[in-house]
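Numbering (our numbering) for the sequence shown: 1 to 457. C-beta: ideal position from N, C-alpha, C; glycine also. In what follows, a structure is listed as structure tokens, so that the remarks can point back to it.
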Amino acid sequence: MPNLSPQRRATSAVAEPGKSASVVDGLRAAILAQPHAPTMTKWLGLATGEIGFPEFARIEIGQNKLDCLTIDTTGACDLTCEGVCYYNPAIDIKEAPVSEQALRSAILDAKRELELRVLVLGGKEPLLNPVRAFSILRFAAEPVPGPGSIGFSAGIITNGRQIHRHWGELEQAVQNKQLQFLDVSIDSGYAEEHDRARGREGTFKLAHAAVLEATARLAPARIAIASILKPDNIDGLLELLRISAPSVRHFYVTPLLPPTFSQTSGVGPDTIKRFLDAVASLFSTELAGMDLELTFYLGGLYLLELNRSGLFAWDELRETEDGYCYVRHDINKNQVAFQIQVLPEYGSRLGRILPNGTYLAHAHFLQAPNPGKYAVGSIVTERLPQLYERAKTTLFQDIAVSRAAHECRKRPCWTNCFGGWTLAENSILRGIPLQCRPAECVKTEQDFALLEDGIRC
């Protein structure tokens, strides 16, 4: 997740009533408070009709900024994680891996030509292929002839089971400035609950012990716990905050989305609000003054409901130097940040290389049994900049243009998500026309009627 610049404005996770009743008015006020805000400016232009969706696509296609490249160093995993793993269980993980030289060429091209800012080593479980993972980290940290990239960082996302086997390599990688962050996935502070979700006993004990130890052994790298909010784990996540807070400062929470992103029911705005209210209470009392940072992903599907519930006000939005929108609240010397995502990132800002060299424009295509069907191409046969350009001029452009005739345009929540724009590639997976209401939207006609009341978009 992006590093969200601090904005200290409120004292609880629930905002004061906003100055603006509509997204448009709120964005205007937010842009006045932060004039250099290209993402919010484009969002406002699309919301008012000053920028058309084909024009927006042309603007984005003209930029060469692949902010984040994820490389899956292996398709193997030591857990099952049924129902929430982003890899479809039917995917063949036994294909021959791409050569490391091809990966090195892709990284070098991304740094030289695409202004790569963040390199993520994923898996399934990257530490099941430690030789490749640490070799890539060493290579990625090498200086690039010429201007190179600015602010480049690299890190690992892991389930935590293997960390204790690799302290030496991890410490060396941090010491040599090859590793800037380590995110450990833990979804409950109760061992039994986490192990049941991950499908293997003992996983919580290994992962939690490792993340606590990493905060001491791997400083100054950013050590974080990354979690998924599910309908049934609010208490578990609160307990995770309690038992981790003495050592861990950074927490990232993403709400579980409905299918196709997962095989289980997602969480809606009521669950999100209930969790964040509980976090605010915990941060203001039991965990007060501990300098904790919790970042929560708020996609466009439920933004209007969460705004109306008082969670945040539109005019509070701010933007990082990399163009990510957020709201940040102070709570007794702790901080809660809402990462607000409405405009798409797939194709233009994100990319993923699978173990066999396949290049995907978005991780959501891993929900398909054969993600190669939706691949842009392969780094085995083409250079990464070519694949990046094709992703923008095919998938990204097609989805952007489809918003112009989208059936949700008359809905009161249109300017909150533009027809589920950040999840639109899931329509392709389901064979649903891109201009139709997204399957992930669970609002009923009655919900739309309630949202219409008093809302000006």
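Is residue i helix, strand or coil by DSSP?
i	result
residue 394	helix
residue 30	helix
residue 69	strand
residue 190	coil
residue 195	helix
residue 359	strand
residue 25	helix
residue 437	coil
residue 9	Caution applies to residue 9, whose pLDDT of 37 falls short of 50 and renders its modelled position unreliable; the value that the coordinates give is listed next. Reduced to three states, the DSSP call for residue 9 is coil.
residue 287	coil
residue 377	strand
residue 46	helix
residue 41	helix
residue 385	helix
residue 410	helix
residue 96	coil
residue 234	helix
residue 164	helix
residue 399	helix
residue 17	Low per-residue confidence applies at residue 17: pLDDT is 43, beneath 50, and the placement is therefore not dependable, though the value from the model is reported in the following sentence. It is coil, neither helix nor strand.
residue 127	helix
residue 371	helix
residue 404	helix
residue 80	coil
residue 422	helix
Return the bridge partner residues of residue i from the DSSP annotation.
i	result
residue 364	In DSSP, residue 364 forms no bridge with anything.
residue 243	Paired residue(s): none; residue 243 is not in a bridge.
residue 252	226 and 295
residue 153	118
residue 184	158 and 225
Over what stretch of residues does the alpha helix (DSSP H) that includes residue i continue unbroken?
i	result
residue 56	53-61
residue 138	130-140
residue 276	269-284
residue 427	425-430
residue 447	445-452
residue 174	167-175
residue 415	414-417
The beta strand (DSSP E) that contains residue i, what's its start and end?
i	result
residue 110	Not the beta strand (DSSP E): residue 110 falls in the alpha helix (DSSP H), residues 100-113.
residue 208	Residue 208 -> not in any beta strand (DSSP E); alpha helix (DSSP H) instead, spanning 203-217.
residue 227	222-229
residue 120	118-122
Does the Cβ of residue i have 16 or more other Cβ atoms within 10 Å, making it buried, or fewer, making it exposed?
i	result
residue 192	exposed
residue 355	buried
residue 176	exposed
residue 6	At residue 6 the pLDDT is 39, less than 50, meaning the model places this residue with poor confidence and gives no usable figure here.
residue 32	exposed
residue 243	exposed
residue 99	exposed
residue 64	exposed
residue 362	buried
residue 334	buried
residue 406	buried
residue 440	buried
residue 410	exposed
residue 373	exposed
residue 288	exposed
residue 94	exposed
residue 295	buried
residue 11	Model confidence at residue 11 stands at a pLDDT of 34, short of 50, so the residue's coordinates are unreliable; what they give is reported in the following sentence. So residue 11 counts as exposed.
residue 307	buried
- Message: Could you tell me which whole beta strand (DSSP E) segments of length 3 or greater appear in the region 297-355?
- Response: 325-331, 334-341 and 350-353
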